[in-house]
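See structure below.
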Amino acid sequence: MEGKPLSPAIADWPKDAREAAQLVVDQYGEPDEVNDSQVTWHKPGPWKRIVASRQVHEHNFPAPHLDSVESVIDYRFPIDKARDVCAFDGSVVINRTEGEVSARCHDEQANFLALNLMHDIATGARTTEQARQYYAKEFADYRRKKPTPYMEKLRFSPPGGHTADPDTRLLSDKELEEAVEQGERDAQGG
1 MEGKPLSPAI
11 ADWPKDAREA
21 AQLVVDQYGE
31 PDEVNDSQVT
41 WHKPGPWKRI
51 VASRQVHEHN
61 FPAPHLDSVE
71 SVIDYRFPID
81 KARDVCAFDG
91 SVVINRTEGE
101 VSARCHDEQA
111 NFLALNLMHD
121 IATGARTTEQ
131 ARQYYAKEFA
141 DYRRKKPTPY
151 MEKLRFSPPG
161 GHTADPDTRL
171 LSDKELEEAV
181 EQGERDAQGG
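Per the UniProt record's numbering, the sequence shown runs over residues 1 to 190.
Here it is as structure tokens:
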């Protein structure tokens with residue numbers, strides 16, 4: 001493998017996962033956290049974190065490949081557009097409670113592409129189908145050695161935090177206390 005020496009943190013990983021994780025090592029150095037199933041970098045480049053997994057996931061959009069490197073950003077995603085992003089790319093994940101969006105693919109460039117198109121969908125700049133078509137075009141252009149602007153960098157500035165959405169409380173303390181009391185009475189047969 002070209003680049004920096006093979007990271008000892010991933011030396012015994014399966015070939016596909018090791019190659020994908022090594023691309024991140026080559027770009028950002030050794031990971032900040034290591035365990036048996038994944039390695040993590042905190043705040044590398046434009047990302048909140050990058051997580052490379054020992055396990056790879058088959059993904060057929062836009063062509064068959066294996067996903068194992070997840071790039072995470074802070075992002076408060078508009079709830080009314082969530083279905084559109086799910087239809088766009090199953091490897092883009094919205095974590096509303098934590099205020100994060102991530103993309104998981106083989107490399108950072110594909111994650112730039114997915115998250116740039118996620119942002120286009122969120123802001124109404126593209127429809128789901130337009131985003132899917134553009135993704136396929138740029139994916140192929142990369143292999144053709146043509147310009148791929150959406151794969152070069154994030155084309156928007158993610159907020160540096162304050163994106164969490166803890167949602168709206170539905171049960172009051174009194175309602176919770178009453179539920180506990182009812183549960184205890186029911187358990188005692190009364």
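The C-beta atom is built at its ideal place from N, Cα and C for all residues, glycine as well.
Between F77 and A114, the C-beta gap is not smaller than 7 Å, which leaves the two residues out of contact. Closest in alpha carbon position to L117, among D107, H106 and E129, is E129. Secondary structure of N95 (DSSP, three-state): strand. The region 137-148 makes no contact with the region 47-55; the number of CB pairs closer than 8 Å stays below 3. Its chain contains L117, D120 and Y134 as the residues whose beta carbon lies nearer than 8 Å to that of R126, once the 5 sequence neighbours on both sides are disregarded; these appear in chain order. Scanning the region 10-51 for uninterrupted alpha helix (DSSP H) segments of 4 residues or longer gives 15-28, listed from N- to C-terminal end. Secondary structure at L6: coil, using DSSP grouped into helix, strand and coil. Scanning H59, A164, W47 and V51 for the CA closest to the CA of F156 turns up W47.
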